[in-house]
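Those protein sequence lines, which keep their order, are chains A and B. Just so it is clear: in the first sequence, position 9 is 8 by numbering that gives the first Met the number 0, and no numbers are missing. Just so it is clear: in the second sequence, position 110 is 109 by numbering that gives the first Met the number 0, and no numbers are missing. All residues carry an ideal CB built from backbone N, CA and C; glycine is no exception. What you are looking at is a predicted structure, and each value in this text was computed from that prediction instead of being measured.
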Amino acid sequence: MKHRCPQWVLILWLVWPGTGAAVEDGARLYERHCAACHGLDGKGGVGVPLALPAFQSTVSDHYLESTIRRGRPGRVMPAFSSLSDEDVKAIIGRIRSWYEGPVPADSGARVAGNPEHGGALFAEHCAGCHGDKGQGGHGTGKTFSRPRDFPIMAPALNNSGFLAAASDAMIRATLIQGREGTPMPSFLKQGLAEQDIDDIVSFVRAFESSVPPVPEADADAEPAVLVAESPYDLKATVENVRRAVIGKNFRLIREQYLEDGFMPAGKENKNQIVVYFCNFKFLYDALALDPRIGMFLPCRVTVVEQDAQVKVMTANPKRLSKLFNNSELDNVCEEMYRLYSDVLEEATL
Amino acid sequence: MRRRLGSLLIALSIFAGSPLSLADELLMVRSPLPFAETMLALQDAIREHGYQLSRVQRVDVGLTASGFETDKYRVVFFGRPQEVHELAVHYPELIPYLPIKVAIFGEDEETVLVTLNPRGFRGFYPEPELGPVFDRWEKDLHSMFDRIRGAD
Numbered sequence: 000m001k002h003r004c005p006q007w008v009l010i011l012w013l014v015w016p017g018t019g020a021a022v023e024d025g026a027r028l029y030e031r032h033c034a035a036c037h038g039l040d041g042k043g044g045v046g047v048p049l050a051l052p053a054f055q056s057t058v059s060d061h062y063l064e065s066t067i068r069r070g071r072p073g074r075v076m077p078a079f080s081s082l083s084d085e086d087v088k089a090i091i092g093r094i095r096s097w098y099e100g101p102v103p104a105d106s107g108a109r110v111a112g113n114p115e116h117g118g119a120l121f122a123e124h125c126a127g128c129h130g131d132k133g134q135g136g137h138g139t140g141k142t143f144s145r146p147r148d149f150p151i152m153a154p155a156l157n158n159s160g161f162l163a164a165a166s167d168a169m170i171r172a173t174l175i176q177g178r179e180g181t182p183m184p185s186f187l188k189q190g191l192a193e194q195d196i197d198d199i200v201s202f203v204r205a206f207e208s209s210v211p212p213v214p215e216a217d218a219d220a221e222p223a224v225l226v227a228e229s230p231y232d233l234k235a236t237v238e239n240v241r242r243a244v245i246g247k248n249f250r251l252i253r254e255q256y257l258e259d260g261f262m263p264a265g266k267e268n269k270n271q272i273v274v275y276f277c278n279f280k281f282l283y284d285a286l287a288l289d290p291r292i293g294m295f296l297p298c299r300v301t302v303v304e305q306d307a308q309v310k311v312m313t314a315n316p317k318r319l320s321k322l323f324n325n326s327e328l329d330n331v332c333e334e335m336y337r338l339y340s341d342v343l344e345e346a347t348l
Numbered sequence: 000m001r002r003r004l005g006s007l008l009i010a011l012s013i014f015a016g017s018p019l020s021l022a023d024e025l026l027m028v029r030s031p032l033p034f035a036e037t038m039l040a041l042q043d044a045i046r047e048h049g050y051q052l053s054r055v056q057r058v059d060v061g062l063t064a065s066g067f068e069t070d071k072y073r074v075v076f077f078g079r080p081q082e083v084h085e086l087a088v089h090y091p092e093l094i095p096y097l098p099i100k101v102a103i104f105g106e107d108e109e110t111v112l113v114t115l116n117p118r119g120f121r122g123f124y125p126e127p128e129l130g131p132v133f134d135r136w137e138k139d140l141h142s143m144f145d146r147i148r149g150a151d
């Protein structure tokens with residue numbers, strides 16, 4: 000009796016995420032999944048400069064694999080859970096192609112140190128860049144958060160993704176060697192003894208038990224759109240939106256029909272009016288936290304009349320913020336959510 | 000035969016509607032070209048895929064005029080006129096996400112482009128007839144970004 004592979008199994012194999020991509024080479028996979036943040040040649044951008052020899056010489060392949068798989072919850076780097084093992088391996092191969100030195104082996108051994116003493120040293124030597132609780136530097140992008148020649152933001156050492164990826168040996172080696180090409184100095188050269196460094200490693204490792212995990216994004220808990228029904232006619236509602244926006248210290252940028260630019264002048268649907276507005280200080284600060292927020296821009300409220308009912312609506316920033324995996328941006332989106340809610344309420348009261 | 004076809008369709012529909020991992024929620028690409036050339040490549044790609052550019056929001060101009068230093072930063076809006084018209088009429092709660100937009104900003108001598116993955120809209124708008132629309136947008140955006148990635 001012949002055993003035949005059911006046709007649907009074949010189809011499953013073909014459409015399974017990653018299967019098709021597995022045949023792509025590492026360079027192509029890197030370009031598709033990593034280059035937007037880490038740079039085409041690993042020189043960094045929103046993300047870490049992966050090509051830096053001082054980075055490569057201290058991190059094991061396990062560190063890279065774990066980082067790709069788990070990401071950094073709340074710190075932009077997403078978890079690439081849909082890539083196959085072969086894809087991840089190929090991407091690591093690409094990253095390693097920029098480096099010819101020895102790659103450290105992974106080690107699960109714990110460093111014996113005094114975390115209390117390490118905490119005091121951390122406060123003195125590390126907290127200035129990495130934050131008092133190891134929460135890392137602010138912002139992401141080169142263009143808005145930091146000068147172009149400043150290659151990296153201090154990573155969050157208390158991040159569960161970092162702690163899962165980094166061995167004690169890796170943290171120790173980084174403290175001893177520093178990261179040439181970044182602001183991270185060699186603390187051996189700065190005068191600390193090896194035991195002091197072990198103490199700092201123990202303190203950093205203790206974040207595992209002291210820092211609450213970043214809650215997993217539950218985007219579905221938020222509606223995609225904020226909507227309010229207006230008791231006023233279209234014209235009056237638009238005027239109310241204008242007043243509410245200005246009252247929130249935002250500047251009106253323009254009003255237009257949704258179909259402006261698509262339909263010939265005069266042929267647009269005049270019952271769909273978009274009001275665009277901006278507070279440039281707010282915008283600049285938000286871009287510094289995450290330069291990818293262009294899809295929020297400019298701030299926008301739409302007034303729609305349909306079936307004799309006028310509605311005011313906008314995208315829900317709280318829903319969208321979950322897509323960015325950036326805890327700092329969540330706070331901005333929370334503020335935008337309040338702003339939009341207030342505008343909708345004031346325009347329809 | 001019919002049973003087999005049913006299995007095929009079930010398998011395909013499972014994957015067509017599968018939730019996105021966080022890494023797939025945003026579509027991003029880095030162009031090796033400076034901003035101006037990449038903007039041209041994006042606009043060409045938009046037209047080649049049958050979409051019409053409706054507006055370019057010059058975010059950097061507004062920031063600079065307000066005293067903030069910034070690199071080039073624009074938001075490009077585009078769509079298919081008739082499609083935008085019909086979607087807005089039949090699905091008014093989709094309007095806040097219309098038309099499609101891509102943020103494009105300079106970073107050193109390269110340029111980064113970002114947009115929401117339209118497939119993620121399936122989670123927002125479960126109407127089955129919208130699924131193929133979002134899937135086509137996703138496919139077209141991937142194709143546009145591939146073109147930009149390979150531009151030289």
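- Taken atom to atom, the span from the alpha-carbon of residue 287 (chain A) to that of residue 35 (chain A) is near 17 Å.
- With respect to the 8 Å criterion, residue 203 (chain A) and residue 156 (chain A) are classified as neighbours on the basis of their beta carbons.
- Look at residue 260 (chain A): its C-beta is under 8 Å from a C-beta on chain B.
- Per DSSP, residue 112 (chain A) lies in no alpha helix (DSSP H) segment and is marked neither H nor E.
- Annotation: the continuous beta strand (DSSP E) that includes residue 73 (chain B) extends over 72 to 78.
- Rounded to whole angstroms, the separation of the alpha carbons of residue 326 (chain A) and residue 72 (chain B) is 23 Å.
- By the rule that beta-carbons nearer than 8 Å mark a contact, residue 51 (chain B) touches chain A.
- For the segment 276 to 295 of chain A, residues whose beta-carbon sits nearer than 8 Å to a beta-carbon of chain B comprise 277, 279, 280, 282, 283, 286, 290, 291, 292, 293 and 294.
- The Cβ atoms of residue 44 (chain A) and residue 111 (chain B) sit closer than 8 Å to each other.
- Fewer than three Cβ pairs drawn from the segment 81 to 98 of chain A and the segment 171 to 187 of chain A lie within less than 8 Å of each other, which leaves the two stretches out of contact.
- For residue 27 (chain B), the chain A residues whose Cβ falls inside 8 Å of its Cβ are 35, 36 and 291, in order along the chain.
- If you look at residue 302 (chain A), you'll find it in the beta strand (DSSP E) that goes 298 to 305.
- Residue 107 (chain A) has a beta carbon lying at 8 Å or more from every beta carbon in chain B.
- In this structure, A:275 is the residue among A:37, A:275 and A:180 with its C-alpha nearest to the C-alpha of residue 251 (chain A).
- When C-beta atoms of the segment 318 to 332 of chain A are compared with those of the segment 300 to 308 of chain A, fewer than three pairs fall below 8 Å, so the two segments do not count as touching.
- Per the coordinates, the alpha-carbon of residue 24 (chain A) lies some 30 Å from the alpha-carbon of residue 131 (chain B).
- Residues of the same chain with a CB within less than 7 Å of the CB of residue 329 (chain A), apart from the 5 flanking positions on each side, are 320 in chain order.
- In the DSSP secondary-structure assignment, residue 312 (chain A) is bridged to A:226 and A:301.
- In its chain, beyond the 5 residues on either side, no residue has a beta carbon closer than 6 Å to the beta carbon of residue 334 (chain A).
- Between the segment 82 to 90 of chain B and the segment 248 to 266 of chain A, the count of Cβ pairs shorter than 8 Å is three or higher; the stretches touch.
- The way I'd put it, the segment 291 to 302 of chain A does touch the segment 226 to 245 of chain A; three or more beta-carbon pairs between them come closer than 8 Å.
- Rounded to whole angstroms, the separation of the alpha carbons of residue 188 (chain A) and residue 103 (chain B) is 42 Å.
- At a beta-carbon threshold of 9 Å, the residues of chain B lying near residue 297 (chain A) are 56, 58, 61 and 74, ordered along the chain.
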